[in-house]
Amino acid sequence: MAIVIYAESENGKIKKIAFELASYGRALADKMGIPLIAVTFNQEENDLLGSHGVEKVIKISDESLNDFNAKQYAKNIATVAKDNQAKMVVLSASANAKYLAPILAVGLSAGYASNVVALPESFHPLRVKRSCFTNKAFNISNLDNEVNIIGLSSNSYGIKEDPKSLEVIEKDSVPVNSTLKVEKVEKVTGKVTIAEADIVVSGGRGLKGPENWHLIEDLADTLGAATACSKPVSDMGWRPHGEHVGQTGKPVASNLYIAVGVSGAIQHLAGINSSKVKVVINNDPEAPFFKAADYGIVGDAFEVVPNLINKLKAFKEQ
Amino acid sequence: MKILVCISHVPDTTSKINFTDEDSSFDTNGVQFIINPNDEFGLTRAIWMQQQQGAEVTVVTVGDNSCESTLRKCLAIGANKALRIDLKPSDGFEVAQELANICKKENYDIIIAGRESIDYNGAMVPGMLAALLDYNFITNCIELTVDGDDAKASREIDGGIETVSCKLPIVIGAQKGLVEEKDLIIPNMRGIMQARQKPLEVVQAIKGTIRSSIIKFEKPSPKGAVKLVSADDIDQLIDLLHNEAKVI
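Chains as they are written, first to last, in the working numbering: chain A, 834 to 1151; chain B, 3 to 250.
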């Protein structure tokens, strides 16, 4: 028996979210008294997983895995899970992990809960807490199956170091029949993505136009944050869809969320509700966002933000 | 070309969320229900294929008869016919099995479902359906073109866009971008009148396996009041974020 995590990597590096999965998986493994195994694809350097509680890495390498294929990745994770009689498989909330999770659930005849926000409340039966109604509520669910898959919400558990002696086992890829081919990947490099960000800086209509977005980008750069926007901003084409956060956009579960010139419609607030600390900067003291925020500044974004950037730079240099 | 669009009947995005029966079920009292927004983007894309490529569009939902108003709205938007699988489902896997049962009989070329519903946010039905049928699957789909047997699609990935090609049949997880908000079709009077004449068939459920069950709901704990910082005292904000919130 084992706990299995899918440790995602990119450009030869294990992604940060994988360490949160490892930490969470370690806690499950300790509670159940079974080992923690990580699956990696085309990833040479796996030592850091051992520093975060993983005992064994199953390293699957094959040219066919260079492009992400949900069916093939799911098949390979399923094979590892079956070979090791996994009781639980833990996946992140990345776009790719959420893509393959339901395929894996069918392949393993497993139960699946996405958006899980904490360690299970019990193990027999497995009882988990997950967010629902786009973060307006939680539900407690029973998953009474031989194998269960947990989709862990980002930044819900945190990263904990726990060095283990790591065994790395190489394994061949299991092929699948698929006519699906990746033709092109367009990716902004060197930018923090919303899914992985500790800090997200978001702009709304209060910024008056796309030409003013340097304020959001500069603030984000200063903080090492991802950039996001409100729904009207993406609908008007000021910013790409991928940045729209809210009920019909992306959920945000960062440690810090800074909203500049975002009024705080209920749909927007729902999408960011899982963020731990919320800061609002808005010139309208009546903006609904002030009711949802932890800290607020009533003021003109065009004065407050440049000032904040300068002060933050000075603070970082201390 | 036959397209199936899977519809969830969900509370309006502005709804206040409350629970009843000792927090074991969602309180529908006073709640307006709508087509799940992610499904509606998919439905609109399907209607375009109907108009431009002669596709036949069927909508389906798994639910009790309270969902029929939502299906009628889909018919008014332009779907050719509607199916209601008569079951109040317990989890996403149960829904996926019901849908797979219909798909195996009808051999749809394209099946579109929202990438997730805005009520339970399971994000599992389209992927499970694809896996049960062994069809190609593209989720977070923001672009789709179909030519004969070939599909080309783009999906949103973390920090970018990936373009893929594959053969039909496919299952699509739809979201905003597949069509824009402004493209959504508002039913006109003619559409609403026609919808009354269009077939809405009730199908018996097969009642498959259930793999998860909700025990209870909780609401987030109430939040304390916002701490206001003067616009002239940015240092105080930095101090609070560093020393009190410990996030920078």
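Every residue, glycine too, gets a C-beta built ideally from N, C-alpha and C.
- Contact check for B:Ile5 and B:Val59: beta-carbon distance about 5 Å, within the 8 Å limit, so the pair qualifies.
- Within the stretch 100-123 of chain B, the residues whose Cβ lies closer than 9 Å to any Cβ of chain A are, in chain order, Arg117, Glu118, Ile120, Asp121, Tyr122, Asn123.
- What B:Gly44 touches in chain A, judged by beta-carbon distance under 7 Å, is nothing: the nearest beta carbon there is about 12 Å away.
- Burial is judged here by how many other beta carbons sit within 10 angstroms of a residue's own beta carbon; B:Gly32 has fewer than 16 and is exposed.
- Take A:Asp1133, set aside five residues on each side of it, and the residues of its chain with a beta-carbon closer than 6 Å to its own are Asn1116, in chain order.
- In the three-state reduction of the DSSP assignment, A:Met921 falls in the strand class.
- For the stretch 170-188 of chain B, the set of positions with a beta-carbon nearer than 9 Å to some beta-carbon of chain A reads Ile172, Gly175, Gln177, Lys178, Gly179, Glu182, Glu183, Lys184 in chain order.
- Out of A:Leu882, A:Phe1123, A:Asn1143, the CA that lies nearest to the CA of A:Lys993 is found in A:Leu882.
- Rounded to the nearest angstrom, the Cβ distance from B:Ala78 to B:Ala197 is 4 Å, consistent with a contact under 8 Å.
- For the stretch 929-946 of chain A, residues whose beta-carbon sits nearer than 9 Å to a beta-carbon of chain B comprise Asn929, Lys931, Tyr932, Leu933, Ala934, Pro935, Ile936, Leu937, Ala938, Val939, Gly940, Ser942, Ala943, Gly944, Tyr945, Ala946.
- In this structure, B:Ile144 places its C-beta atom within 7 Å of the C-beta atom of B:Ser156.
- For the set B:Val127, B:Tyr110, B:Gln206, the Cα lying nearest the Cα of B:Glu118 is the one of B:Val127.
- As the crow flies, the alpha-carbon of A:Pro1065 is around 26 Å from that of B:Pro222.
- DSSP, reduced to helix, strand and coil, places A:Ser955 within a strand of the structure shown.
- From the beta-carbon of A:Gln1100, the residues of chain B found nearer than 8 Å are Thr15, Thr16.
- Within chain A, the residues whose beta carbon sits less than 8 Å from that of B:Cys168 are Ser1011, Thr1012, Leu1013, Lys1014, listed in sequence order.
- Cα atoms of B:Lys107 and B:Asp136: separation of roughly 15 Å, rounded to the nearest angstrom.
- Here DSSP, grouped into helix, strand and coil, assigns B:Gln206 to strand.
- In this structure, A:Thr1012 sits near B:Cys168, with a CB-CB distance shorter than 7 Å.
- Here B:Leu85 carries a strand assignment [DSSP, helix/strand/coil].
- The Cβ of A:Tyr1090 sits no closer than 7 Å to any Cβ of chain B.
- Nearest to B:Leu180 by C-alpha distance, out of B:Lys75, B:Ala115, B:Lys18, is B:Ala115.
- Residues of the stretch 229-241 of chain B with a Cβ closer than 8 Å to any Cβ of chain A, in chain order: Lys229, Leu230, Val231, Ser232, Ala233, Ile236, Asp237, Leu239, Ile240.
- With respect to the C-alpha of B:Lys154, the residue from B:Gly161, B:Gly162, B:Thr141, B:Arg213 having the closest C-alpha is B:Thr141.
- Following the DSSP letters along the chain, one finds B:Leu134 in no beta strand (DSSP E) but inside the alpha helix (DSSP H) bounded by residues 127-135.
- Burial check for B:Asn245: the Cβ neighbour count within 10 Å stays below 16, so the residue is exposed.
- Non-local C-beta neighbours of A:Ala1053 in its own chain, meaning closer than 7 Å and more than five positions away in sequence, comprise Val1034, Ala1059, Thr1060, ordered along the chain.
- Look at A:Val1093 here: in three-state DSSP terms it is strand.
- Non-local C-beta neighbours of A:Leu1089 in its own chain, meaning closer than 6 Å and more than five positions away in sequence, comprise Ile1032, Val1110, ordered along the chain.
- Proximity of B:Arg47 to chain A, defined by a Cβ-Cβ separation below 7 Å, is not satisfied.
- Per the C-alpha coordinates, the member of A:Asp916, A:Lys969, A:Lys1020, A:Ser927 positioned closest to B:Glu220 is A:Lys969.
- The C-beta of B:Asn82 comes no closer than 7 Å to any C-beta of chain A.
- Look at A:Tyr1128: its C-beta is under 7 Å from a C-beta on chain B.
- Contiguous beta strand (DSSP E) elements confined to the stretch 872-941 of chain A occur at 889-893, 919-924, taking only those with 3 or more residues.
- Per DSSP, the unbroken beta strand (DSSP E) holding B:Glu158 starts and ends at 152-159.
- For a Cβ distance threshold of 8 Å, residue set Ser927, Ala928, Asn929, Thr1026, Ile1027, Ala1028, Glu1029 of chain A lies close to B:Asp160, ordered along the chain.
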